[in-house]
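For reference, the structure discussed in these notes is given below.
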Amino acid sequence: MSAGKFINFEGIDGAGKSTHIAYVAGWLRARGHTVITTREPGGTSLGEKLRELLLHEKMHLETETLLMFAARREHLAQVIEPALARGDWVISDRFTDASFAYQGGGRKLDLRKLIALEQWVHPHLQPDLTLLFDVPLEVARGRLEATRSPDKFEQEKAEFFAATRAAYLRRAEEFPDRFRIIDSTQTIKDIEISLDKVLSTI
């Protein structure tokens with residue numbers, strides 16, 4: 760059985776990352792892989808209940824962060840780890856990098872607390888590939904204004920998203936072996952060409 764791999768999609772709200780999950784999943788399936796697509800927060804029955812709270816209820820920053828990691832621990836136990844053990848490939852719409860970007864960058868939580876939670880919740884597991892969809896802030900904001908009713912994160916001010924984007928880019932610099940930055944200002948077709956090139960290397 761071939762070893763499964765774990766890919767996470769990251770980016771600020773409005774970066775367009777979720778649009779391309781189906782494309783990547785199809786690309787992998789066409790090459791004979793069994794692919795599981797999932798999301799954070801969420802991915803399990805408990806995680807989806809926590810997602811509703813996290814996206815819509817106001818709460819203390821540390822409460823928000825702990826609930827994110829609680830949902831993540833369940834997600835790992837119920838979905839990600841079993842799939843990888845079977846040799847499946849897992850694509851997750853966000854993972855722990857999002858906590859470093861949103862709670863750490865946007866909300867200014869002490870990064871030492873995030874590092875401690877990361878080491879507790881998944882000390883021996885990191886994604887094999889992280890696709891960071893990056894766009895200028897004004898492009899992302901324009902896309903959000905044209906879509907659905909925003910959740911509490913999407914309602915944040917520009918300064919929050921600037922800090923979140925900067926945190927993502929710092930994270931990419933810290934872990935260059937697994938991060939690949941995708942210019943999400945490109946056309947969908949050009950983004951797919953970029954994804955083809957990246958996927959061919961893993």
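Count along the sequence shown starting at 1, add 759, and that's the number in my numbering.
Backbone N, C-alpha and C fix where the C-beta goes; we use that ideal spot for every residue, glycine too.
Since we're looking at a predicted model, the values are computed, not measured.
Tell me which same chain residues have a C-beta within less than 6 angstroms of the C-beta of residue i, skipping the five on either side of it?
{"i": "R810", "result": "P800 and G801"}
{"i": "S777", "result": "D852"}
{"i": "L805", "result": "E833"}
{"i": "R845", "result": "none"}
Reducing DSSP to helix, strand and coil, say where residue i ends up.
{"i": "T797", "result": "strand"}
{"i": "D887", "result": "coil"}
{"i": "E913", "result": "coil"}
{"i": "R929", "result": "helix"}
{"i": "R866", "result": "coil"}
{"i": "F859", "result": "helix"}
{"i": "S943", "result": "coil"}
{"i": "I850", "result": "strand"}
{"i": "D955", "result": "helix"}
{"i": "I766", "result": "strand"}
{"i": "D936", "result": "coil"}
{"i": "G772", "result": "First, the amino acid is wrong: residue 772 is Asp here, not Gly. It is coil, neither helix nor strand."}
{"i": "H779", "result": "helix"}
{"i": "D949", "result": "helix"}
If distances are taken between C-alpha atoms only, which option among the options comes closest to residue i?
{"i": "L868", "options": "A926, H881 and E833", "result": "A926"}
{"i": "I961", "options": "L888, Y782 and G865", "result": "L888"}
{"i": "L739", "options": "Y782, P841, P935 and V880", "result": "Any answer about residue 739 is impossible in this case: the structure gives the chain only from 760 up to 961."}
{"i": "L876", "options": "R845, A830 and V957", "result": "A830"}
{"i": "F934", "options": "P841, L890 and R798", "result": "L890"}
{"i": "L843", "options": "E932, D936, L958 and I766", "result": "I766"}
{"i": "H815", "options": "V898, R929 and P909", "result": "P909"}
Looking only at its chain, what residues have a beta carbon closer than 8 angstroms to the beta carbon of residue i, apart from the 5 residues adjacent to it on each side?
{"i": "D847", "result": "G763, H792, T793, V794 and I795"}
{"i": "S953", "result": "I941, D942 and Q945"}
{"i": "A836", "result": "none"}
{"i": "R788", "result": "V794"}
{"i": "A784", "result": "V794, T796 and I850"}
{"i": "R900", "result": "G773, A917 and F920"}
Kindly list the residues whose CB is nearer than 7 angstroms to the CB of residue i, restricted to its own chain and excluding five residues on each side of it in sequence; keep chain order.
{"i": "I780", "result": "F768, T796, I850 and D852"}
{"i": "T923", "result": "I771, A860, Y861, G864 and G865"}
{"i": "I950", "result": "H779, I941 and S943"}
Given this structure, state the Cα-to-Cα distance separating residue i from residue j, to the nearest angstrom.
{"i": "L820", "j": "I874", "result": "16 angstroms"}
{"i": "T822", "j": "K808", "result": "15 angstroms"}
{"i": "K817", "j": "K911", "result": "8 angstroms"}
{"i": "G862", "j": "T855", "result": "The sequence as given places Gln at residue 862; Gly does not occur at that position. Distance between the alpha carbons of Q862 and T855 is about 10 angstroms."}
{"i": "M827", "j": "K872", "result": "13 angstroms"}
{"i": "A774", "j": "F920", "result": "11 angstroms"}
{"i": "R790", "j": "P895", "result": "33 angstroms"}
{"i": "G886", "j": "E915", "result": "Looking at the sequence itself, residue 886 is Pro, so the reference to Gly does not match. Cα to Cα, P886 sits roughly 28 angstroms from E915."}
{"i": "M760", "j": "T803", "result": "The pLDDT assigned to M760 is 46, lower than 50, so where the model puts this residue is not dependable, and the model offers no usable value."}
{"i": "L813", "j": "I839", "result": "21 angstroms"}
{"i": "R937", "j": "K956", "result": "14 angstroms"}
{"i": "A857", "j": "A931", "result": "12 angstroms"}
{"i": "Y782", "j": "F892", "result": "14 angstroms"}
{"i": "K948", "j": "L884", "result": "32 angstroms"}
{"i": "L928", "j": "R798", "result": "21 angstroms"}
Exercise for review: Write down every uninterrupted run of the beta strand (DSSP E) in the segment 783–836 whose length is 3 residues or greater and which is fully enclosed by it, in chain order.
Suggested key: 794–798
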